[in-house]
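See below for the structure under consideration.
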Amino acid sequence: MSLRVYNTLTGKKEELVPREEGKIGMYVCGPTVYNYIHIGNARCYVSFDVIRRYLRYKGYKVIYIQNITDIDDKIINRAREENTTAEEISRKCTRAYLEDMESLGVEPIDVQPKATGHIPEMLGMIEKLIQKGYAYVVDGDVFFEVTKFEDYGKLSHRTLEEMRAGERVEIDPRKRHPMDFALWKKAKPCEPSWPSPWGDGRPGWHIECSAMSLKYLGMGFDIHAGGQDLIFPHHENEIAQSEAYAGAKPFVRYWLHNGFLSIEKEKMAKSLGNVILVREILERKYNPNALRLLFLEHHYRSPIDFTLDRLSESTEAFERLENLLGDIDDALEVCSVSSTSQIETGEDVSRIVSETRAKFKEAMDDDFNTAAALAVLFELAKEAHILLQNFKANPTAEARDLLIEIGKIFFELGKVLGLEFGLSIIQESKIKLPRTQELLKLLPEKMVSDLFDLYFELSQGPDTKETRARLKEDFTKILNTILDVRKRARERKDWKTADNIRERLNGMGIEVRDVDTPRGYKWKFSFQRVIDIYERSR
RNA sequence: GGCGACGUGGCCGAGAGGCUCAGGCAGAGGUCUGCAAAACCUCGUACGGCGGUUCGAUUCCGCCCGUCGCCUCCA
170 MSLRVYNTLT
180 GKKEELVPRE
190 EGKIGMYVCG
200 PTVYNYIHIG
210 NARCYVSFDV
220 IRRYLRYKGY
230 KVIYIQNITD
240 IDDKIINRAR
250 EENTTAEEIS
260 RKCTRAYLED
270 MESLGVEPID
280 VQPKATGHIP
290 EMLGMIEKLI
300 QKGYAYVVDG
310 DVFFEVTKFE
320 DYGKLSHRTL
330 EEMRAGERVE
340 IDPRKRHPMD
350 FALWKKAKPC
360 EPSWPSPWGD
370 GRPGWHIECS
380 AMSLKYLGMG
390 FDIHAGGQDL
400 IFPHHENEIA
410 QSEAYAGAKP
420 FVRYWLHNGF
430 LSIEKEKMAK
440 SLGNVILVRE
450 ILERKYNPNA
460 LRLLFLEHHY
470 RSPIDFTLDR
480 LSESTEAFER
490 LENLLGDIDD
500 ALEVCSVSST
510 SQIETGEDVS
520 RIVSETRAKF
530 KEAMDDDFNT
540 AAALAVLFEL
550 AKEAHILLQN
560 FKANPTAEAR
570 DLLIEIGKIF
580 FELGKVLGLE
590 FGLSIIQESK
600 IKLPRTQELL
610 KLLPEKMVSD
620 LFDLYFELSQ
630 GPDTKETRAR
640 LKEDFTKILN
650 TILDVRKRAR
660 ERKDWKTADN
670 IRERLNGMGI
680 EVRDVDTPRG
690 YKWKFSFQRV
700 IDIYERSR
């Protein structure tokens, strides 16, 4: 089955044929590091992260590059506002950006070039463009002359005439054509600058991506991606300068652009004050997987209208998938299979697994239809729960193997989507085991102290002080202790105490399920509840 | 003004000329359970309007209405 992708350049879905068989070079426009990244950025980075993961899953050797724009007006302005240097701002923001990417489960980028590290390459390109007559120098600035490049407009599907129709910006009179764009900007006083043959200055925005993508991937590389807003002028200009420079085409084989994200039906903009940062989402205790799921429930080219309610819905949906894996684990631990049943590679195993995989691929091969791919997972989840019930009633080796296989394929396909399911023994030591520790760090202080209060109210033993010190280090232990108290209460049918404990834990965002497992009572930290509590306390 | 996208059941959202059905969230009833939770079962006669093509269109074409994006920095 061949992979088809929508190419902005042609406006059609096309079969993806790499420049070099089995290898894909991919360049995604990265952030200008002047602030924390917002969820619109995140949508873009997550979308292309999944595309990269899927390409690798398909067996392609992918080189994934994402630049960091660390010199720009916005950075300079920010530095001025904060009375610091542009370097300082970009360093801080770059670090924050990398942290956010990791939180979102975006795999590390293979090459992460910075604009300021590639000034010589850019100067080289600009010089050649001047030599070839595509660019001209005016008073320390260098402009690209769009009328010299006959394909100008081919990406955004507009002619120069059409573009002029919508002019609403004052035109620099030194430009030969209003659409000419800066390759090099003359330095203003007190701005970071680099020496050049045309005087001190700094690069224009578009040239960095051309210089860096050509350096690391070379002319005619496979995929160049970014937000839809970059189609014009950024990517259009990249094509112009790169193809003019190289005297060849195409610069890029496939152009991919993700749809925009709005907030409550409004464009996310600083002027509207509705920018939501990735950090804010994480600080508000939402599960990063839920945000990822929210993105993936939409096709990457479609717009998304973001609201916190939708994020909560995605949280529920994610937990639905995660519950299955936890339930499988528990069942595998609890139910012992009679040793007489033999292990068979039953037809069912291969059928369910291979059908799921095939449907998933079919969806993803169609321009990365993650929404349809997710439906495959949800369908499997339903089927698996039914099998699970049967297994509990009649634990055969065959059923066990099937459940293990289903668990594995969940991890396999979940990984392609970058979804990280919590705890499971199915993959043994390969996956991070309890996510619990991580989650605990996110618990608001007050909740933790509430938990302690509850604990101390329940336990009046003489060793309280000592216990306190010890337990503070291990939230899980306390919780298990509380759950143990509850368990004993339930055993003597003291429903009042049992229910009281459960309700109070619920009030802290801890959901308790009366399912016996070898590890004790089952409990789950519920993001949703925490959010509710958090909202109420504000 | 120019270019373009979109309009699917309470909400979100895939999708295809007719085939039984996307999927998720929410809601109702039921099964299980001390009660919950989780899970499962059942429940919605959806495709903006008007024409056209067709044996048949929500899916193709045209027009209209509506929403949004780009044309300026923006993922």
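For the first sequence, position 291 (counting from the first letter as 1) is numbered 460 according to the numbering used here, and the numbering increases by one without interruption. The C-beta atom is built at its ideal place from N, Cα and C for all residues, glycine as well. Remember, it's a predicted structure, so these values are computed and weren't measured experimentally.
When you compare only the Cα positions, how much space is there between Ile244 and Ala540?
Whole-angstrom Cα-Cα distance: 37 angstroms.
With distances taken from CA atoms, which of Ile521, Leu543, Pro187 is nearest Ala709?
The first residue shown for the chain is 170 and the last is 707, placing residue 709 beyond what the model contains.
Please name the residue, chosen from Pro200, Tyr214, Arg221, Ile299, that lies closest to Arg260 on a Cα-to-Cα basis.
From the listed residues Pro200, Tyr214, Arg221, Ile299, the smallest Cα separation to Arg260 is found for Pro200.
Which class does Tyr233 belong to by DSSP, given the choice of helix, strand or coil?
Tyr233 falls in the strand class under three-state DSSP.
Counting beta carbon pairs with one atom in the region 252-269 and one in the region 339-355, are three or more of them shorter than 8 angstroms?
No: fewer than three Cβ pairs fall under 8 angstroms.
Using a Cβ distance threshold of 8 angstroms, determine whether the region 179-192 contacts the region 540-549, with at least three qualifying pairs required.
Touching, no.
Under three-state DSSP, which class holds Pro372?
Note: Pro372 maps to strand in three-state DSSP.
Would the region 390-410 and the region 419-431 be scored as touching if the rule is three or more Cβ pairs under 8 angstroms?
Three or more Cβ pairs drawn from the region 390-410 and the region 419-431 lie within less than 8 angstroms of each other, which places the two stretches in contact.
Going by DSSP, which residues form a beta bridge with Ala394?
DSSP output for Ala394 lists Val197, Leu425 as bridge partner(s).
By a C-beta neighbour count over all protein chains shown, 10 Å radius and 16 as the cutoff for buried, is Arg422 buried or exposed?
Classification for Arg422: buried.
Taking the alpha helix (DSSP H) that Phe475 falls in, what are its first and last residues?
Element bounds for Phe475: not the alpha helix (DSSP H) but the beta strand (DSSP E), 473-475.
Going straight from the alpha carbon of Glu488 to that of Ile340, what length do you get?
Their backbone Cα atoms lie some 54 angstroms apart in a straight line.
Terminal residues of the alpha helix (DSSP H) in which Asn210 lies:
That run of the alpha helix (DSSP H) goes 208-226.
At the level of alpha carbons, what is the spacing between Met533 and Leu586?
Per the coordinates, the alpha-carbon of Met533 lies some 10 angstroms from the alpha-carbon of Leu586.
Strand pairing of Asp535, partner residues [DSSP]
Paired residue(s): Arg173.
Under the assumption that Ile237 contacts Lys283 (Cβ atoms under 8 angstroms), give the Cβ distance between them as a whole number of angstroms.
Sure, about 5 angstroms apart at Cβ, within 8 angstroms.
Same chain only: Cβ atoms within 6 angstroms of Ser483, ignoring 5 sequence neighbours per side
Here the set comprises Ala459, Leu462, Leu463.
Asn176 to Cys359 span [Cα, whole Å]
Whole-angstrom Cα-Cα distance: 42 angstroms.
Whole angstroms is fine: what's the gap from Lys561's alpha carbon to Ala486's?
Taking the straight line from one Cα to the other gives about 24 angstroms.
Best match in Asn204, Gly389, Arg212, Asp308 for proximity to Asp239 [C-alpha to C-alpha]
It is Asn204.
Sequence-distant residues of the same chain with beta carbon closer than 6 angstroms to Tyr321, five excluded per side:
A distance below 6 angstroms between beta-carbons, with the five flanking residues on each side excluded, links Tyr321 to the following residues of its chain, in chain order: Val315, Ala409.
Residue burial classification, Glu452 (beta-carbon count within 10 angstroms, cutoff 16):
By the 10 Å Cβ count, Glu452 comes out exposed.
Count the other C-beta atoms from every protein chain shown that fall within 10 angstroms of the C-beta of Asn210, then say buried if there are 16 or more, exposed otherwise.
Flag for Asn210 reads buried.
Quick one, are the C-beta atoms of Tyr305 and Phe318 less than 8 angstroms apart?
No. Outside cutoff.
Between the C-alpha atoms of Pro402 and Ser382, what's the straight-line distance to the nearest angstrom?
Pro402 and Ser382 have their C-alpha atoms spaced approximately 17 angstroms apart.
Candidates Ile208, Phe579, Phe537: closest to Val160 by CA position
The structure shown does not extend to residue 160, since the chain is modelled only from 170 through 707, so no value can be given for it.
Going by beta-carbon coordinates alone, are Lys354 and Arg371 separated by less than 8 angstroms?
Contact: yes.
If we count the other Cβ atoms within 10 Å of its Cβ and call it buried at 16 or more, is Ile575 buried or exposed?
Of the residues assessed, Ile575 falls on the buried side of the cut-off, its CB having 16 or more other CB atoms within 10 angstroms.
Distance check for Leu386 and Gly228, CA to CA, integer angstroms please.
When rounded, the distance between both Cα atoms is 19 angstroms.
Apply the 10 Å Cβ neighbour rule to Ala417 and answer buried if 16 or more other Cβ atoms are within range, or exposed otherwise.
Flag for Ala417 reads exposed.
Taking 6 angstroms as the limit between beta carbons, can you name the residues of its chain near Arg247, skipping five residues before and five after?
Excluding residues within five positions, the ones whose Cβ falls inside 6 angstroms are Tyr203, Ile258.
Determine the contact status of Phe350 and Phe390, defining contact as a CB-CB distance below 8 angstroms.
Between Phe350 and Phe390, the C-beta gap is not smaller than 8 angstroms, which leaves the two residues out of contact.
Can you find the residues in the same chain that come closer than 8 angstroms, C-beta to C-beta, to Ile445, ignoring five residues on each side of it along the sequence?
Cβ neighbours of Ile445 beyond the five flanking positions: His207, Ile208, Ile432, Met437, Phe475.
In the DSSP assignment, what residue or residues form a beta bridge with Arg673?
None; Arg673 has no bridge partner.
Any heavy atom of the ligand GTP inside 7 angstroms of the beta-carbon of Thr316?
This structure simply doesn't include the ligand GTP, nor any ligand for that matter.
Span of the beta strand (DSSP E) around Glu452
Unbroken run through Glu452 is the alpha helix (DSSP H), 447-452; no beta strand (DSSP E).
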